[in-house]
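Chemist: Each residue of the sequence shown is one higher than the one before, starting from 19 at the first, in our numbering.
Glycine is no exception: its CB is placed at the ideal position from the N, C-alpha and C atoms.
Below is a structure I'd like to ask you about.
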Amino acid sequence: MKLARNVFKPLAIGAPAPYRELPVRLERMIHFVPPHLEKVRAKVPELARQVDVVLGNLEDAIPVEAKEAAREGFIAMAKATEFGGTGLWTRINALNSPWVLDDLTRIVAEVGHKLDVVMLPKVEGPWDIHYLDQLLAQLEARYKVQKPILIHAILETAEGVKNVDAIAESSPRMHGMSLGPADLAASRAMKTTRVGGGHPDYKVLSDPLEGQPRAVAQQDLWHYTIAKMVDACAANGLKAFYGPFGDFSDPQACEAQFRNAFLLGCAGAWTLHPSQIGIAKAVFSPDAAEVAFARRILDAMPDGSGAVMIDGKMQDDATWKQAKVIVDLARTVAARDPDLAAAYGL
Ligand code: GLV
Ligand code: MG
19 MKLARNVFKP
29 LAIGAPAPYR
39 ELPVRLERMI
49 HFVPPHLEKV
59 RAKVPELARQ
69 VDVVLGNLED
79 AIPVEAKEAA
89 REGFIAMAKA
99 TEFGGTGLWT
109 RINALNSPWV
119 LDDLTRIVAE
129 VGHKLDVVML
139 PKVEGPWDIH
149 YLDQLLAQLE
159 ARYKVQKPIL
169 IHAILETAEG
179 VKNVDAIAES
189 SPRMHGMSLG
199 PADLAASRAM
209 KTTRVGGGHP
219 DYKVLSDPLE
229 GQPRAVAQQD
239 LWHYTIAKMV
249 DACAANGLKA
259 FYGPFGDFSD
269 PQACEAQFRN
279 AFLLGCAGAW
289 TLHPSQIGIA
299 KAVFSPDAAE
309 VAFARRILDA
319 MPDGSGAVMI
329 DGKMQDDATW
339 KQAKVIVDLA
349 RTVAARDPDL
359 AAAYGL
């Protein structure tokens, strides 16, 4: 095991030192853009004002014959756009693919200083992160990138889920993780062709009672994995995300999936279609009434200790911490969104 004192040393001479704490960024939606399409690229400057993160996708969904065009398109859109406080990410191809080496060398060479996060698909264990960590350090050093480029792992194989804790603690370059329900379903041989969300056949039935219809409740296929991912991330100071929701015709189901992830501890979700941006914004920004109540708790317990009653509800040191989670998030949202700042009174 690596010596503790070496963990925060750069992995290449001339590379920037890893962050000790993640930069505080609002990342309610990671919006996927197919960068080989010029029409889509032209809209990126406007998009960057509407979303928290713009991600240029180079992996799945990009046709094989467009892989190079997507890579070069990403570089062009990164150069042409002023991102301000909006994050710039890319999803590179898998480490065993013929494209990934050029994805990384070209992109860090051309726009490494603008790139916040590399999303790595099909992560199976800490060895994948160690390889990318070392390579990024070498490229950062060669191209004089001043701030570390972070790594975000997609949790989308059974082996990755088995190794999720080791992945989360593998490097100070780790930003967080996203659940990839499509690849994960395939890897586990789950019998669903849906991209995220529930399944009508995954349910529990109430016991049969004479003369009464049996109640049916659909269950959440992803609960176990999301909770496991959230624990691995939170324990290591990383952020957890829900990934894609594929049925663009069902905004209610998308909202329900996003909300479950939010309540369980996720910071955001992927948006693959413009209609999902508003859903993610609404879900991953705390509710104004909840913020108001959380602020009452903090005001009633200025030093965070003791016990008070508010509207018949007991508050103590632990609920003070719960309230602080909500208010800290509200402040981060308010700093970026004047409408919500007004709604929160912040
Ligand atoms: C995302 O990449 C997924 O496989 O769901
Ligand atoms: Mg996938």
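So Ile48 is in the beta strand (DSSP E); what residue range does that whole segment cover?
Modeler: As a first step, residue 48 must be located in the sequence shown, where it is residue number 30. Unbroken beta strand (DSSP E) run through Ile48: 47 to 51.
Chemist: Are the CB atoms of Leu154 and Arg124 nearer to each other than 8 Å?
Modeler: Sequence index remark: in the sequence shown, residue 154 carries index 136 (1-based). Sequence index remark: in the sequence shown, residue 124 carries index 106 (1-based). No, the Cβ-Cβ distance between Leu154 and Arg124 is not below 8 Å.
Chemist: The alpha helix (DSSP H) that contains Asn111, what's its start and end?
Modeler: Position 93 of the sequence shown holds residue 111. Unbroken run through Asn111: none, as it is neither H nor E.
Chemist: Taking C-alpha atoms, which residue in Lys331, Ala336, Val309 lies nearest to Asp321?
Modeler: As a first step, residue 321 is located in the sequence shown; it is residue number 303 there, counting from the start. Looking at the Cα atoms, Ala336 is the closest of the given residues.
Chemist: Roughly how far, in whole angstroms, is the beta-carbon of Thr108 from the beta-carbon of Leu133, given that I think they are within contact range, below 8 Å?
Modeler: Translated into positions along the sequence shown, residue 108 becomes position 90. Translated into positions along the sequence shown, residue 133 becomes position 115. The Cβ separation is near 7 Å, so the contact holds.
Chemist: With a CB to CB cut of under 6 Å and the five nearest residues on each side skipped, what residues in its chain are close to Ala30?
Modeler: The count along the sequence shown starts at 1 and reaches residue 30 at position 12. Same-chain partners within the cutoff: Ala155, Gln156, Ala159.
Chemist: Tell me the DSSP secondary structure of Met95 in three-state form.
Modeler: Reading the sequence shown from its first residue, position 77 is the one you call residue 95. Here Met95 sits in helix by DSSP.
Chemist: Among the candidates Phe263, Ile297, Glu187, whose CA atom is the shortest distance from the CA of Ala17?
Modeler: The chain is shown only over 19 to 364; residue 17 falls outside these bounds and no answer can be derived.
Chemist: Could you say which of Asp146, Lys165, Lys162 lies nearest to Ala171 if we only look at CA atoms?
Modeler: In the sequence shown, the residue the question calls residue 171 occupies position 153. When only C-alpha atoms are compared, the closest one is Asp146.
Chemist: If we count the other Cβ atoms within 10 Å of its Cβ and call it buried at 16 or more, is Ala307 buried or exposed?
Modeler: Locating residue 307 in the sequence shown gives position 289, where the first residue counts as 1. By the 10 Å Cβ count, Ala307 comes out exposed.
Chemist: Per DSSP, what kind of secondary structure is His217 in: helix, strand or coil?
Modeler: Position 199 of the sequence shown, counting from 1, holds the residue named residue 217. Correct three-state label for His217: coil.
Chemist: Buried or exposed: where does His294 fall if 16 or more other Cβ atoms within 10 Å of its Cβ makes it buried?
Modeler: Here the question's residue 294 lines up with position 276 in the sequence shown. As written in the sequence, residue 294 is Gln, which differs from the His given in the question. Looking at its Cβ environment, which holds 16 or more other Cβ atoms inside 10 Å, Gln294 is buried.
Chemist: Locate the alpha helix (DSSP H) running through Met247, then write down its first and last residues.
Modeler: Locating residue 247 in the sequence shown gives position 229, where the first residue counts as 1. First-last of the alpha helix (DSSP H) with Met247: 241 to 253.
Chemist: Check for me: the beta strand (DSSP E) holding Gly74 runs from which residue to which?
Modeler: Within the sequence shown, numbered from 1, the residue matching residue 74 stands at position 56. 71 to 75 is the span of the beta strand (DSSP E), which, as asked, contains Gly74.
Chemist: Look at the Cβ atom of Phe50, then the Cβ atom of Leu73, and state whether they are nearer than 8 Å.
Modeler: Against the sequence shown, residue 50 aligns to sequence position 32. Against the sequence shown, residue 73 aligns to sequence position 55. The answer is yes: Cβ separation under 8 Å.
Chemist: With the cut-off set at 8 Å, would you say Ala341 and Met332 are in Cβ contact?
Modeler: In the sequence shown, residue 341 corresponds to position 323, counting from 1. In the sequence shown, residue 332 corresponds to position 314, counting from 1. No. Outside cutoff.
Chemist: Under 8 Å between the Cβ atoms of His193 and Leu168?
Modeler: Taking the sequence shown and counting its residues from 1, one reaches residue 193 at position 175. Taking the sequence shown and counting its residues from 1, one reaches residue 168 at position 150. Their beta carbons are under 8 Å apart, which means His193 touches Leu168 by this criterion.
Chemist: For my contact list, Leu76 and Arg89 are in at a C-beta cut-off of 8 Å; report their separation, rounded to the angstrom.
Modeler: Within the sequence shown, the letter at position 58 stands for residue 76. Within the sequence shown, the letter at position 71 stands for residue 89. Confirmed, about 6 Å.
Chemist: Flag Gly198 as yes when its Cβ comes closer than 7 Å to any non-hydrogen atom of the ligand MG, and as no otherwise.
Modeler: Counting from one through the sequence shown, the residue named residue 198 turns up at place 180. Because some heavy atom of the ligand MG lies under 7 Å away, the Cβ of Gly198 counts as near it: yes.
Chemist: Please report the Cβ distance between Tyr260 and Ala287, rounded to the nearest whole angstrom; I am assuming they are in contact, meaning their Cβ atoms lie under 8 Å.
Modeler: One-based indexing of the sequence shown puts residue 260 at position 242. One-based indexing of the sequence shown puts residue 287 at position 269. About 4 Å; that satisfies the 8 Å criterion.
Chemist: According to DSSP, what are the bridge partners of Gly194?
Modeler: On the sequence shown, residue 194 is found 176 positions in, with the first residue counted as 1. According to DSSP, which records beta bridges pairwise, Gly194 is partnered with His170, Lys257.
Chemist: With distances taken from CA atoms, which of Leu150, Glu128, Met195, Lys140 is nearest Lys162?
Modeler: Taking the first residue of the sequence shown as position 1, residue 162 is located at position 144. Lys162 has its Cα closest to that of Glu128, out of Leu150, Glu128, Met195, Lys140.
Chemist: Counting only the same chain and skipping the five closest in sequence on each side, list residues whose C-beta sits under 8 Å from that of His217.
Modeler: Indexing the sequence shown from 1 puts residue 217 at position 199. Contacts found: Thr210, Gln236, Leu239.
Chemist: Throw me the rounded Cβ distance for the Glu45 and Asp70 pair, which I believe falls under 8 Å.
Modeler: Locating residue 45 in the sequence shown gives position 27, where the first residue counts as 1. Locating residue 70 in the sequence shown gives position 52, where the first residue counts as 1. Rounded, the Cβ-Cβ distance is 5 Å, consistent with contact.
Chemist: Going by the C-beta, is Val136 closer than 7 Å to any heavy atom of the ligand PLP?
Modeler: Of the ligands one can find in the structure shown, namely the ligand GLV and the ligand MG, none is the ligand PLP.
Chemist: Rounded to whole angstroms, what is the Cα-Cα separation between Val126 and Gln270?
Modeler: The residue given as residue 126 occupies position 108 in the sequence shown. The residue given as residue 270 occupies position 252 in the sequence shown. Roughly 39 Å separates the two Cα atoms.
Chemist: Would you call the CB atoms of Phe280 and Cys272 closer than 8 Å?
Modeler: Numbered from 1 along the sequence shown, position 262 holds the residue referred to as residue 280. Numbered from 1 along the sequence shown, position 254 holds the residue referred to as residue 272. Contact: no.
Chemist: Where do the N-terminal and C-terminal ends of the alpha helix (DSSP H) with Gly296 fall, by residue?
Modeler: If you number the sequence shown from 1, residue 296 lands on position 278. Where Gly296 is concerned, the enclosing alpha helix (DSSP H) stretches over 293 to 302.
Chemist: Looking at Gly214 and Gln275, is the spacing between their C-beta atoms short of 8 Å?
Modeler: Position 257 of the sequence shown holds residue 275. Position 196 of the sequence shown holds residue 214. Yes, they are a contact pair.
Chemist: Examine the ligand GLV and report whether any of its heavy atoms sits within less than 7 Å of the Cβ of Val213.
Modeler: Position 195 of the sequence shown holds residue 213. Yes, the beta carbon of Val213 sits closer than 7 Å to at least one heavy atom of the ligand GLV.
Chemist: Going by CA-CA distance only, name the one from Phe311, Ser303, Leu316 that's closest to Ala359.
Modeler: Indexing the sequence shown from 1 puts residue 359 at position 341. The option with the nearest alpha carbon to Ala359 is Ser303.
Chemist: Thinking C-alpha only, which one of Glu56, Asp346, Ala96, Leu122 is nearest Gln152?
Modeler: Residue mapping note: residue 152 aligns to position 134 of the sequence shown, counting from 1. For the residues Glu56, Asp346, Ala96, Leu122, the minimum Cα distance to Gln152 belongs to Leu122.
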